[in-house]
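First residue of the sequence shown? That's 1042 in the working numbering, and the numbers climb one at a time after it. Every residue, glycine too, gets a C-beta built ideally from N, C-alpha and C. Here's the structure we're looking at; comments come further down.
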Amino acid sequence: MRSSGPRGAGGWRPPGGGDDLPSTPASLAGCYSAPRRAPLWTCLLLCAALRTLLASPSNEVNLLDSRTVMGDLGWIAFPKNGWEEIGEVDENYAPIHTYQVCKVMEQNQNNWLLTSWISNEGASRIFIELKFTLRDCNSLPGGLGTCKETFNMYYFESDENGRNIKENQYIKIDTIAADESFTELDLGDRVMKLNTEVRDVGPLSKKGFYLAFQDVGACIALVSVRVYYKKCPSVVRHLAVFPDTITGADSSQLLEVSGSCVNHSVTDEPPKMHCSAEGEWLVPIGKCMCKAGFEEKNGTCQVCRPGFFKASPHSQSCSKCPPHSYTHEEASTSCVCEKDYFRRESDPPTMACTRPPSAPRNAISNVNETSVFLEWIPPADTGGRKDVSYYIACKKCNSHAGVCDECGGHVRYLPQQIGLKNTSVMMVDLLAHTNYTFEIEAVNGVSDLSPGARQYVSVNVTTNQAAPSPVTNVKKGKIAKNSISLSWQEPDRPNGIILEYEIKYFEKDQETSYTIIKSKETTITAEGLKPASVYVFQIRARTAAGYGVFSRRFEFETIPVFAASSDQSQIPIIAVSVTVGVILLAVVIGFLLSGRRCGYSKAKQDPEEEKMHFHNGHIKLPGVRTYIDPHTYEDPNQAVHEFAKEIEASCITIERVIGAGEFGEVCSGRLKLPGKRELPVAIKTLKVGYTEKQRRDFLGEASIMGQFDHPNIIHLEGVVTKSKPVMIVTEYMENGSLDTFLKKNDGQFTVIQLVGMLRGIAAGMKYLSDMGYVHRDLAARNILINSNLVCKVSDFGLSRVLEDDPEAAYTTRGGKIPIRWTAPEAIAFRKFTSASDVWSYGIVMWEVVSYGERPYWEMTNQDVIKAVEEGYRLPSPMDCPAALYQLMLDCWQKDRNSRPKFDEIVNMLDKLIRNPSSLKTLVNASSRVPNLLAEHGSLGSGAYRSVGEWLEAIKMGRYTEIFMENGYSSMDAVAQVTLEDLRRLGVTLVGHQKKIMNSLQEMKVQLVNRMVPL
C-alpha cells in the first residue's frame, strides 16, 4: 500500500552571508519581513520554496498542490497552538502556504494538521509529495531529550466532505524522516536544506480522502504538499487515438486500452496498447491503416491527389497512375485505362494498362509429306504484356472454287493448337496434295477485351505425297482351328493408290516372334495357327510414298480341337493327324523363332564369324576397335545395316519438333523397345523428295556413330530405313549445343565445372583418336550437353559439314573447311589428323572459358589465316586460369608434332580437377597482348582519338574522369590496363569490367587486322 521515493533535498543560500540581511530583489522582499512569530529559518525556507516551484510531469494529474492554491487552504490544526500557518505572498501577491511546528521544549506533543477533503477523481492509487525542512535535535540548546526528527502521515477515505473524524479512524501511511536536517550554523550561513519525500496510497475505493500530519515533538516546517495521481496521457500512435488513462492500483499492473482509428483509417486488427503504473504506454498491438485512396503523412490520413491512387489500405502511400492510365479525382483507388488499353480483373491495379499484341512476323513453313512445321518471330509489339501466346487456325482450301473450310478434328497439333508459348508448331495427319492456309494469331491477356480485329499472319502451303493413314476397321471372317480369315477397309486417308498391305501377326504374349505376310487385296487368311490360341493382328498399307503406320491390335482366337469320336475306327486317323500336327507345329515354331522381331533384326552368325569378321577387305580382330570408313563399302546400305540397328517405326513416338536440319525436322520423342524401359530420344528425319545421294549422306552419319560406344560420344539408338520417313534415333541431350548453352548461362559456372566439361570432351576425343577416327569439325556447336552437364561429341556427318556448314567459308581443293577451328596444315594441305583435332580442341577450350564467344571475333577468314600464319594466337579469355590458357597455347603449336596428345590432355585436366588450387592463378591481362603488337604499333592509332571518346562509344563514359585522374590519358596507356587495374580504379561491376576488357581485346584484334598483309 505504501512506498517511498525520495526526490532529493535542496536549499537556497542568499548572496553575501553574515548576520545582517543584504538588500534583496522585490520578489523576495516578503521573506525578510515576516511576522515576529516566524523565526528566521522559516523565512529563509519560504524563499527556497519559491525557487523550487517546478511544473508537474505531463503524466501526473494534481489533486492538490498547496503551492498553487490562491485562497485559504482550509486546513485545521489541533490543538490550535500546535501547527502554525505562515502566510506570505510572492512577487505576484499570490499566497504562499507554509505550516510549521516546533514544540520541542514541551513534553508529550501530539499536534495534528488536517487537510480539507480531496477528490481522487476516479484514481485508485494516489501519490503524496511533501517538501519540508527539519532541524537537527543535537543543534538545539541543551540537547533536549524530548526532541524528535520525524513526523507521521495518515489518510482517511470518505465519499463526502465532513470532518467529524476521530483520530483512531485515520490509517497511517508512513513515518516521515528527513534526509537532510539543518543546524544553527546553517541559519547563520543562510543555508536551508529542503527535503522531498513521496509516498503512494492505494487501492482507494471511495470518492475522496483526507490527509493528516502528526507531529510528536519535532522542529519542522511543511513547505508544500502535492497530491496527484498518474495517467497515460492521450496519444496518437499508428493512426490510432488512445485516450487519457488513469493507471491501475497495483504498481506492476498493465491496463489494456483500445484505440480508435483516426479519420479515413481502418484496421484489420483492433489497435491496443497497455498503460503501465508509471504512466507510460507499452506493448502496442495492431495498428490502423489509411484506407484506399488515402495515405499516411505526419500521423494523419491525407487524400490522394489527382493523378495518384492507392488501391488497398495495405499499400504504404499513393502511387502515380501506371502507364496508359489516368484519374482526375481525389481519393482514387484505381486509375482508368486510356482508349484502346485494357486491364484484366486479375491484373493488379499497379500494373500498366496494356493492349493486344501485333501480328507475329516472318512466318515460314516446312512441309514433310502430310506434316507442316511452322515457325515465326514474336510480335514487334507485345502490348506491354509477357503473357503472349499463339492460336493456330487451320483452313483447307479448294483451289478451283476458291473456298476455304475449317480443317476439322482429324488434324493434330504438336504440341498444341491453343495457348502456344513457343514460336513453332507442327501439324500432322493432314491430307496429301491439299492446299492449306494457316493463320497464326498472337494473343495476350487482354485480347478478349479488345473490340479490334484479330492480329495474325497467314501461311499458305500444299502438302506432298504421304504414306497412308492407319487401317481402322478389321473384321474377322472364317475361323478354323488352324486358320483365321480377315477383311478390312481401305484407310480413311490413303494419300494415293494403295500398292499392297502388310499384315503382322503373332501369338498373344509372344510379341518377340512374329510373322509378316503381304497382300494386294483387303482380305487375308493366316494359316498354320495353333488351335484354341489367341492371335494378334496388325495391318498397314503402302503407297508410292512408303508404308503407313500399323493399325491398332486386333485379337482373334482359333477354334479348339473337338473331343475324340466314340467311333474306334477314327482313332488311327486322329493319331496320324496329331502326329502330323506336332511336326508342323515344330516347323512353324522354329520358323517363328528364327524370324523377325520388333526392334532389332540381325542375321545369324556362325561361331567362326564371331571370331573374325571381314568388312569389304578390312579385317577386324577381336578385342581391337578400329574405325571403318562407310565410304569403302560398295553398297552404303550394307554399312548402315552393319553398324546401325534397325528399329521398327511403331516403337517410336514423336512428341515435338525441336529444330529443322538440312535433311528434315529434328524432333524429340520416346523409344520403347520390347523388354526395355522407355527412353527419351532425339529423332532426325529425312524429308520427302530426297535423292539417293541425300539418303546415303543422311545415313552415313549413322554408319559412323554406330561404331562408337563411349559416355562422351553421342549414342546411336538405331535407324529406321524400312519405312518412311527415314530416321536416325539418338539419345536426347536436354541442354542442346554447348555454345548456345554457354551463351545463355554466361558466368554461371565455377572454373571446376568448366574444366569438367572440357575433360569430358577430351575423353571423347581420346576415344575417337584411339579408334583412328579424325573428326575434322570439332567445335562447341558440335558438342551436346545434357542436364547433368555431361558433354558429348556429336555431328559426324562429314560430307554435310564440309560442304554446307556456314562456318566453312573458306574453300580449298576437296570442299569447305571451318577456318576458325582448323589447324594451319589442314587449311593449307588438307592434312587432317588427330593433331589437327587437338588444334580444334584448343579453340573449343577458348569457347568454353569465354562462354561461347566467337573465335577471332569479327575478323574475316582470310585475316584469320594470315594472322595465325604470322604467329598470332587468341588472347586469354577474362579470368582464365593460367594453366588452362597454357594448355590452349600448347594445342596451337604450329608444329603439329609438338602438340599434346588427347590422352595427355585428359591426364592434365584430371590433375587440375584433383588440385583446384592450381586454377586460382589467373593470366595477367597485360601479358595478353602478343609480341606481335609491340612490333607493329599501338592502339593509339586506332579509330578513337581520346580515352573519353572510346569510353563514350562503349557506353562507359561515367569512368572517363576516373581514368584521366589516374594517368590513363592516352589510348597507349589504356592498352596496358588489366582487370586488377579496373578494380583498383573502382570499376567493381562485373558487367562493366567485362565490357571494357572485351573492347580492348577487339581493338587489339583490329590492330592485328591492320598488321597482316592481305
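Collapsed DSSP secondary structure at residue i in the structure displayed
{"i": "Glu1733", "result": "helix"}
{"i": "Gln1255", "result": "strand"}
{"i": "Val1110", "result": "coil"}
{"i": "Met2038", "result": "helix"}
{"i": "Gly1518", "result": "strand"}
{"i": "Met1468", "result": "strand"}
{"i": "Gly1797", "result": "helix"}
{"i": "Tyr1454", "result": "strand"}
{"i": "Lys1784", "result": "helix"}
{"i": "Cys1394", "result": "coil"}
{"i": "Lys1807", "result": "helix"}
{"i": "Ala1908", "result": "helix"}
{"i": "His1138", "result": "strand"}
{"i": "Met2044", "result": "helix"}
{"i": "Ser1199", "result": "strand"}
{"i": "Val1950", "result": "What sits at residue 1950 in the sequence shown is Leu, not Val. Three-state result, Leu1950: helix."}
{"i": "Gly2032", "result": "helix"}
Residue j beta carbon less than 8 angstroms from that of residue i
{"i": "Lys1517", "j": "Glu1543", "result": "no"}
{"i": "Glu1689", "j": "Arg1711", "result": "no"}
{"i": "Ile1117", "j": "Glu1129", "result": "no"}
{"i": "Phe1704", "j": "Leu1720", "result": "no"}
{"i": "Thr1341", "j": "Lys1328", "result": "no"}
{"i": "Pro1420", "j": "Pro1401", "result": "yes"}
{"i": "Ala1404", "j": "Val1469", "result": "no"}
{"i": "Val1298", "j": "Thr1286", "result": "yes"}
{"i": "Val1885", "j": "Leu1925", "result": "no"}
Residue i versus the options, residue with shortest Cα-Cα distance
{"i": "Pro1120", "options": "Val1277, Asp1676, Lys1144", "result": "Lys1144"}
{"i": "Ala2016", "options": "Val1988, Leu2026, Tyr2000, Lys2035", "result": "Val1988"}
{"i": "Asp1381", "options": "Leu1490, Pro1311, Asn1339, Ala1318", "result": "Leu1490"}
{"i": "Ser1265", "options": "Gln1579, Glu1993, Asp1106", "result": "Asp1106"}
{"i": "Ile1565", "options": "Thr1237, Leu1527, Phe1578", "result": "Leu1527"}
{"i": "Met1568", "options": "Met2005, Tyr1546, Ala1821, Ile1481", "result": "According to the sequence as given, residue 1568 is Glu; it is not Met. Of Met2005, Tyr1546, Ala1821, Ile1481, the residue nearest in Cα terms is Tyr1546."}
{"i": "Ile1769", "options": "Ala1723, Phe1283, Gln1789", "result": "Ala1723"}
{"i": "Asn1948", "options": "His2033, Ala1803, Arg1822", "result": "Ala1803"}
{"i": "Cys1188", "options": "Asp1256, Lys1248, Lys1247", "result": "Asp1256"}
{"i": "Lys1571", "options": "Pro1363, Pro1456, Ser1524, Tyr1555", "result": "Ser1524"}
{"i": "Thr1478", "options": "Ala1135, Trp1880, Tyr1808, Ile1433", "result": "Ile1433"}
{"i": "Phe1168", "options": "Val1890, Glu1238, Asp1944, Phe1739", "result": "Glu1238"}
{"i": "Asn1463", "options": "Thr1224, Ile1995, Thr1863, Ile1481", "result": "Ile1481"}
{"i": "Glu1162", "options": "Lys1271, Ile1217, Gly1115, Lys1172", "result": "Lys1271"}
{"i": "Glu2043", "options": "Glu1386, Gln1210, Tyr1897", "result": "Tyr1897"}
Minimum Cβ-Cβ distance from residue i to chain C less than 8 angstroms
{"i": "Phe1254", "result": "No chain C appears in the structure shown, which is made up of a single protein chain."}
Cutoff 7 angstroms; reference residue i; Cβ partners in own chain excluding five residues on either side
{"i": "Glu1733", "result": "none"}
{"i": "Lys1561", "result": "Glu1541"}
{"i": "His1369", "result": "Pro1347"}
{"i": "Ala1743", "result": "Val1681, Ala1685, Leu1757, Val1760, Ile1769"}
{"i": "Arg2024", "result": "none"}
Beta-carbon contacts of residue i that lie in its chain and below 8 angstroms, excluding the five residues immediately before and after
{"i": "Glu1894", "result": "Trp1887, Glu1888, Pro1918"}
{"i": "Asn2039", "result": "Met1919"}
{"i": "Val1515", "result": "Leu1527, Ser1528, Trp1529, Phe1578, Ile1580, Ser1592, Phe1595"}
{"i": "Ile984", "result": "This structure gives no information on residue 984, because the portion of the chain shown stretches from 1042 to 2055."}
Residues near residue i in its chain [Cβ-Cβ closer than 6 angstroms; skip 5 each side]
{"i": "Thr1503", "result": "Asn1476"}
{"i": "Met1746", "result": "Leu1757, Phe1837"}
{"i": "Phe1782", "result": "Asn1776, Ile1826"}
{"i": "Ser1967", "result": "Note on Ser1967: pLDDT 43, under 50, position unreliable in the model; no value is reported."}
{"i": "Ser1160", "result": "Gly1249"}
{"i": "Gly2008", "result": "none"}
{"i": "Glu1410", "result": "Asn1505, Ala1507, Val1729"}
{"i": "Ser1881", "result": "Leu1819, Trp1862"}
Q | Residue ranges of each beta strand (DSSP E) within the segment 1521–1568, 3 or longer | A | 1524–1529, 1541–1548, 1556–1560, 1564–1568
Q) In the segment 1257–1323, which residue ranges form an unbroken beta strand (DSSP E) of at least 3 residues, counting only runs that do not cross its ends? A) 1260–1273, 1276–1278, 1281–1283, 1296–1299, 1313–1316
Q: Scan the segment 1575–1606 and note each continuous alpha helix (DSSP H) run of 4 residues or more that stays entirely inside, going in chain order.
A: none
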